[in-house]
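**Q**
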Amino acid sequence: MMRLDKFLCEMGVGTRSEVKAYLKKGMVTVDGEVVKKPEMKVDENTAEICFQGKKLEFEAVQYFLLNKPAGCVTATRDRLSETVMSFLPENRRDDLFPVGRLDKDTEGLLLITNDGQLAHKLLSPKKHVDKTYFAVIDGKVEQAHIEQFSAGIDIGDEDLTMPAKLEILSSGDISEIQLTIQEGRFHQVKRMFEAIGCKVTYLKRISMGPLTLGDLQQGEVRVLSENEVAQLRSR
Ligand code: URA
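Residue 298 in the working numbering sits at position 214 of the sequence shown, with consecutive numbering throughout.
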């Protein structure tokens, strides 16, 4: 059981004060009856709660996959910049957060959920979840770098990076690569290439564990399938 106003807030209907105003205006029904009391206790699993005539489906956990465009920040709120949360649908839980962080100029796959346990698991280097990036590099990436990245390199932290898999897609003054890492240190990919005298000029995450972007376009978001959630949980 939970308070009606808390339920409505969590389901993304509005802030506490907005919800109070909606209730006052008679915009909320519980099992077909208009309810105006924010403190009313409801059973979130069985009550039929409607806002403006539309049933609100209670979901304790939600999982969204965003193809993040460059230019927005990976944060739940920011005073200056657009955040990744602005790409989510309006009627969503209010306690969602991005799992890990992509830089403002990085694009690609970002999971947004309120499942803290799963987030922790995906981010822990000990769990060895692969995160694969595509990058354009200013500089010649060569065979020797594959061994270096696989052995672990010094990016100025206490520890060397964990073994990473570098694939060279093209090598020249400008190179194109794919890099798979199992950690998520601050600016990790950019710092790994800096350590070998190169510069990342474009970076996009293309997969994380079993999750891939598929045909999700930039700025688009989709709900994870049950199968994807099950795969993530079983890790
Ligand atoms: N590594 C980086 O340097 N930046 C990102 O956004 C992600 C990984």
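Glycine is no exception: its CB is placed at the ideal position from the N, C-alpha and C atoms.
Let me know the secondary structure DSSP gives A219 once reduced to three states.
**A** strand
**Q** Where do the N-terminal and C-terminal ends of the beta strand (DSSP E) with I196 fall, by residue?
**A** E191 to T197
**Q** For the alpha helix (DSSP H) that contains F233, what are its first and last residues?
**A** Q227 to A235
**Q** For S318, which three-state DSSP category applies?
**A** coil
**Q** Kindly list the residues whose CB is nearer than 6 Å to the CB of C190, restricted to its own chain and excluding five residues on each side of it in sequence; keep chain order.
**A** Note that residue 190 corresponds to Thr in the displayed sequence, not to Cys. Shown here for T190: same chain residues with a beta carbon closer than 6 Å to its own, the five before and five after excluded, namely L287 in chain order.
**Q** Any idea which residues DSSP pairs V118 with across the strands?
**A** According to DSSP, V118 bridges with T113.
**Q** Can you check which of these residues, V273, K283, A235 and G223, is closest to S255 by C-alpha distance?
**A** Comparing Cα positions, the closest option is G223.
**Q** Let me check one thing: in DSSP terms, what residues is V126 bridge-paired to?
**A** M86
**Q** For K125, which residues of its own chain have a beta-carbon under 8 Å away from its beta-carbon, when the five flanking residues on both sides are left out?
**A** M85, M86, R87 and L88
**Q** Between which two residues does the beta strand (DSSP E) harbouring V307 extend?
**A** V305 to V307
**Q** Cβ of N175 within 8 Å of Cβ of G96?
**A** yes
**Q** Quick check on this structure: which residue in T158, P209, F142 and L150 has the alpha carbon closest to the alpha carbon of R177?
**A** F142
**Q** So, does the region 226-235 touch the region 182-189, judging by three or more C-beta pairs under 8 Å?
**A** no
**Q** So, at 8 Å on beta carbons, what are the nonlocal neighbours of I239 in its own chain, with the 5 sequence-adjacent residues on each side left out?
**A** T245, R269, Q272, R275, M276, E278 and A279
**Q** For T216, count the other beta carbons within 10 Å of its own beta carbon; 16 or more makes it buried, fewer makes it exposed. Which is it?
**A** buried
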